[in-house]
Amino acid sequence: MVTLMLAGRRVILGVAGGIAAYKAAEIAGTLVKRGAEVQVIMTRAAREFITPLTLQTITRHEVASDMFTPRSGGVAHIEVARWGEAMLIAPATANLIGKMAAGIGDDLLSTIVLAFDRSVLLCPAMNTTMYRNPVVQRNIRTLSALGYHFVEPCSGRLACGEEGPGRLAPTDEIVAKLESLLCGVPRDLAGVRILITAGPTREPLDPVRYISNRSSGKMGYAVARAAVDRGAYVVLVSGPSALSPPPGVKVVPVETAEEMHLAVNQHFEWCDVAVKAAAVADYRPQTQAGGKLKKRAANLTLILEPNRDILAELGRRKGRRIIVGFAAETEQLEARAVLKAQKKGADLIVANDVTKLGAGFDVDTNIAVFAYPDGRTVSLPLMEKLALAHRILDEVRELRKAGADNG
Ligand code: CTP
Numbered sequence: 004m005v006t007l008m009l010a011g012r013r014v015i016l017g018v019a020g021g022i023a024a025y026k027a028a029e030i031a032g033t034l035v036k037r038g039a040e041v042q043v044i045m046t047r048a049a050r051e052f053i054t055p056l057t058l059q060t061i062t063r064h065e066v067a068s069d070m071f072t073p074r075s076g077g078v079a080h081i082e083v084a085r086w087g088e089a090m091l092i093a094p095a096t097a098n099l100i101g102k103m104a105a106g107i108g109d110d111l112l113s114t115i116v117l118a119f120d121r122s123v124l125l126c127p128a129m130n131t132t133m134y135r136n137p138v139v140q141r142n143i144r145t146l147s148a149l150g151y152h153f154v155e156p157c158s159g160r161l162a163c164g165e166e167g168p169g170r171l172a173p174t175d176e177i178v179a180k181l182e183s184l185l186c187g188v189p190r191d192l193a194g195v196r197i198l199i200t201a202g203p204t205r206e207p208l209d210p211v212r213y214i215s216n217r218s219s220g221k222m223g224y225a226v227a228r229a230a231v232d233r234g235a236y237v238v239l240v241s242g243p244s245a246l247s248p249p250p251g252v253k254v255v256p257v258e259t260a261e262e263m264h265l266a267v268n269q270h271f272e273w274c275d276v277a278v279k280a281a282a283v284a285d286y287r288p289q290t291q292a293g294g295k296l297k298k299r300a301a302n303l304t305l306i307l308e309p310n311r312d313i314l315a316e317l318g319r320r321k322g323r324r325i326i327v328g329f330a331a332e333t334e335q336l337e338a339r340a341v342l343k344a345q346k347k348g349a350d351l352i353v354a355n356d357v358t359k360l361g362a363g364f365d366v367d368t369n370i371a372v373f374a375y376p377d378g379r380t381v382s383l384p385l386m387e388k389l390a391l392a393h394r395i396l397d398e399v400r401e402l403r404k405a406g407a408d409n410g
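Counting from 4, one number per residue, gives the positions in the sequence shown under our numbering.
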């Protein structure tokens, strides 16, 4: 299920001429799926990489790229600029960024940018050397200082064969940023220090094998992104995860539960809030072989010893901090979650039934129950993990307020 966070919102999608222009189709499709109305404006060069017909078919809006096409009605660039609630430029080329920084309007897209006075989100994509070029970097800084928003490109192998930053950011990240700009995420956690754990831990058996679990880290990373967008300082202690951390977050990568314990301890004094979304392994192999274990004909018995419960330990020395834990259950969700909140000293347990469709591991949605140590529970509907992250942070804000009111 897709949440219609952008229902009825009017987005101008500017597409400049780079190899990543073909990805505009996926971005446009995602925006439309989330309910947005999308008007695509392409540069002439962009048409060499993707046809207007493709984007027109996806958005069901005529695609424009020419300043001087005769038309009935008003002046094209002014009308489009008035229509849009936000402008997303993906990909943004070095050329377009340079023109914007210099205030040049010499085609329809750059002219609309000049006539547009609401949020503009740029997603640069270009060759690594071009991206690192000091002139391009200066232009990006100039635009940032003027209030333009950016989703940084990610690193990887580029079309030109070089490695490094320059790939257009993932569609999810671009759309999430646009949503947060359009939906006006409140800066209600400005300055709050939040420690978040995410992902699985890996407990090694030998140098090549480990015990782990199916956590992807999506929930914890969503909380980190939401917290940064709301103005918090975020330290994300992350077990191995394929996700790219949200910009603005300090990441502390760890592997084992012991390493996570150490990293959490190092930042616990610093934080005001701890959100423990990591799926910490409850056990680790008692011994870890120095060399690779060799197969033998006989059965192999592993002896596992318990890991420390990090959450419970934090609960005991929390002081005035707000602590949020998670619980993945398969039965008696509410009762067990309440008990967990009481036992572990958490102010809130976010519990989910991992057997339900749309909840649990490696999906973008979740169905959660909030459980409190006083026995209260609140069931939430199926929602995107980012939306749930915001609900959790709303709750954190309320719990902090209640704590402050009680002296
Ligand atoms: N947790 C932790 N340290 C551990 C185990 C769990 O900090 N060694 C935290 C998780 O980050 C999460 C919560 O505790 O916030 C999850 O608890 P869960 O694993 O569901 O419960 P357990 O305590 O393992 O109890 P059970 O085995 O009954 O599910």
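Just so it is clear, CB atoms sit at the ideal spot from N, CA and C, and this is done for glycine as well. As the structure is a computational prediction, the values presented were derived from the model and not from experiment.
Residue burial classification, residue 409 (beta-carbon count within 10 angstroms, cutoff 16): Taking every protein chain shown into account, the CB of residue 409 has fewer than 16 other CB atoms within 10 angstroms, so this residue is exposed.
Integer Cβ distance of residue 240 from residue 200, believed to fall under 8 Å: Right, the Cβ-Cβ distance comes to about 5 Å (below 8 Å), so this counts as a contact.
Expected contact under 8 Å - CB spacing of residue 380 and residue 357 to nearest Å: The C-beta separation of residue 380 from residue 357 comes to about 17 Å, leaving the pair out of contact by the 8 Å criterion.
Burial state of residue 313 (16 or more Cβ within 10 Å): By the 10 Å Cβ count, residue 313 comes out buried.
Option nearest residue 24 by Cα separation, candidates 93, 40, 56 and 35: Measuring from the Cα of residue 24, the nearest candidate turns out to be 93.
Sheet register partners of residue 309 (DSSP bridge): DSSP output for residue 309 lists 286 as bridge partner(s).
Contact test: residue 312 Cβ vs ligand 1 heavy atom, cutoff 6 Å: Checking the Cβ of residue 312 against ligand 1 gives yes.
Given residue 262 as reference, the closest of 204, 174 and 49 once Cα atoms are compared: Looking from the CA of residue 262, the closest CA among 204, 174 and 49 belongs to 204.
Spatial distance of residue 149 from residue 402 (CA atoms): Their Cα atoms are separated by approximately 36 Å.
Cα-Cα separation, residue 60 to residue 50: C-alpha separation (whole angstroms): 15 Å.
Entirely enclosed beta strand (DSSP E) segments - the stretch 209-281, minimum 3 residues: Segments of the beta strand (DSSP E) lying fully in the stretch 209-281: 236-241, 253-256 and 276-279.
Among 26, 301, 20 and 57, the one whose alpha carbon lies nearest that of residue 47: Of the listed residues, the one whose Cα sits closest to residue 47 is 20.
Within-7 Å CB hit, residue 13 to chain B: Of the chains in the structure shown, none is chain B; there is only one protein chain.
Range covered by the beta strand (DSSP E) that runs through residue 355: The continuous beta strand (DSSP E) containing residue 355 extends over residues 351-356.
Meets three-Cβ-pair contact criterion under 8 Å: the stretch 219-231 and the stretch 296-312: No: fewer than three Cβ pairs fall under 8 Å.
Buried versus exposed, by CB contacts within 10 Å (16 or more), residue 363: It counts as buried.
Where residue 89 falls, given that 16 or more other Cβ within 10 Å makes a residue buried: In this structure residue 89 is buried. Its beta-carbon is surrounded by 16 or more other beta-carbon atoms within 10 angstroms.
Distance between residue 198 and residue 269 (C-alpha atoms, nearest Å): Distance from the CA atom of residue 269 to the CA atom of residue 198, rounded to whole angstroms, is 10 Å.
Candidates 118, 146, 111 and 132: closest to residue 101 by CA position: Ranking 118, 146, 111 and 132 by CA distance to the CA of residue 101 puts 146 first.
Closer than 6 Å: residue 359 CB and nearest ligand 1 heavy atom: No, since every heavy atom of ligand 1 falls outside the 6 Å radius drawn around the Cβ of residue 359.
Pairwise C-alpha distance: residue 178 and residue 37: Answer to the nearest angstrom: the Cα atoms are 9 Å apart.
As assigned by DSSP and simplified to three states, the class of residue 370: DSSP places residue 370 outside both helix and strand once states are collapsed to three, so it counts as coil.
Residue 283 beta carbon near ligand 1 (any heavy atom closer than 6 Å): Yes, ligand 1 has a heavy atom inside 6 Å of this Cβ.
Heavy atom of ligand 1 within 6 Å of residue 329 beta-carbon: Checking the 6 Å criterion, the Cβ of residue 329 is within range of a heavy atom belonging to ligand 1.
Close Cβ partners of residue 32 (< 7 Å) along its chain, the five nearest in sequence each way excluded: Around residue 32: 61.
Nearest-angstrom Cα separation, counted from residue 311 out to residue 289: Using only the alpha carbons, I get a separation of about 13 Å.
Integer-rounded CB distance, given that residue 192 should sit under 8 Å from residue 124: Actually they are not in contact, since the Cβ atoms of residue 124 and residue 192 sit about 21 Å apart, beyond 8 Å.
Residues near residue 172 by beta carbon distance below 7 Å, same chain, minus five either side: Result list for residue 172: 126, 154, 155, 156 and 157, in chain order.
For residue 113: DSSP bridge partner residues: For residue 113, which the question treats as bridged, DSSP gives no partner whatsoever.
Residue of 10, 327, 121 and 54 minimising C-alpha distance to residue 18: The shortest C-alpha separation from residue 18 is found at 54.
Simplified DSSP assignment, three categories, for residue 35: Looking at residue 35 - three-state DSSP - the assignment turns out to be helix.
Where the beta strand (DSSP E) through residue 94 begins and ends: Counting along the chain, the beta strand (DSSP E) containing residue 94 begins and ends at 89-95.
Residue 1 versus residue 309: straight-line alpha-carbon distance, rounded: An answer regarding residue 1 cannot be provided, because it is not within the stretch 4 to 410 covered by the chain.
Residue 45, DSSP secondary structure in three states: In this structure, residue 45 counts as strand in the three-state DSSP scheme.
Whole-Å CB distance - residue 233 paired with residue 396, under 8 Å assumed: 6 Å between Cβ atoms; contact.
C-alpha gap between residue 4 and residue 354, whole angstroms: At residue 4, the pLDDT of 47 sits below 50, so the modelled position is not reliable; the number obtained from the coordinates is stated separately. For the pair residue 4 and residue 354, the Cα-to-Cα distance works out to about 20 Å.
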